Amino acid sequence: MDKATNVKTRMVAQKNPQVFGTLGHYTVADFKFYFLTGTDITEADRIVLNGETYDVVIAYPDSSGHHIEVGANKVSFK
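In this note's numbering, the protein residues as written are 8 to 85.
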């Protein structure tokens, strides 16, 4: 079931995978998405953009509170 549709976003493919980590746990994201503050998105979500599906691996507000930054990886359906 879709949680939200037609949500404004911007996607950037990372030249080098972005690594997020805490002690003993690391997450790698190949794509970064930007959403407006107030968008309800968590690590349990998926993003569908232009027919491609991405698993959210991390979501956090930027330091200014202007937007939410989301790290994600493309899903391959084989």
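The beta-carbon is built from N, C-alpha and C at its ideal position, and this holds for glycine as well. Since the structure is predicted, the reported quantities are computational estimates derived from the model, not experimental observations.
Kindly give me the distance between the Cβ atoms of residue i and residue j, rounded to whole angstroms, as I take these residues to be in contact under 8 Å.
i	j	result
His74	Tyr41	5 Å
Ile54	Ala20	The Cβ separation is near 13 Å, so there is no contact.
Need the endpoints of the beta strand (DSSP E) that residue i sits in, please.
i	result
Val14	Counting along the chain, Val14 falls outside any beta strand (DSSP E), and DSSP gives it neither H nor E.
Ala66	Glu59 to Pro68
Ala79	His74 to Lys81
Leu56	Arg53 to Leu56
Shorter than 8 Å, the distance from the beta carbon of residue i to the closest heavy atom of the ligand ATP, or not?
i	result
Thr12	The model on display carries no ligand, and the ligand ATP is accordingly not part of it.
Per DSSP, residue i forms a beta bridge with which residues?
i	result
Gln25	Ala36
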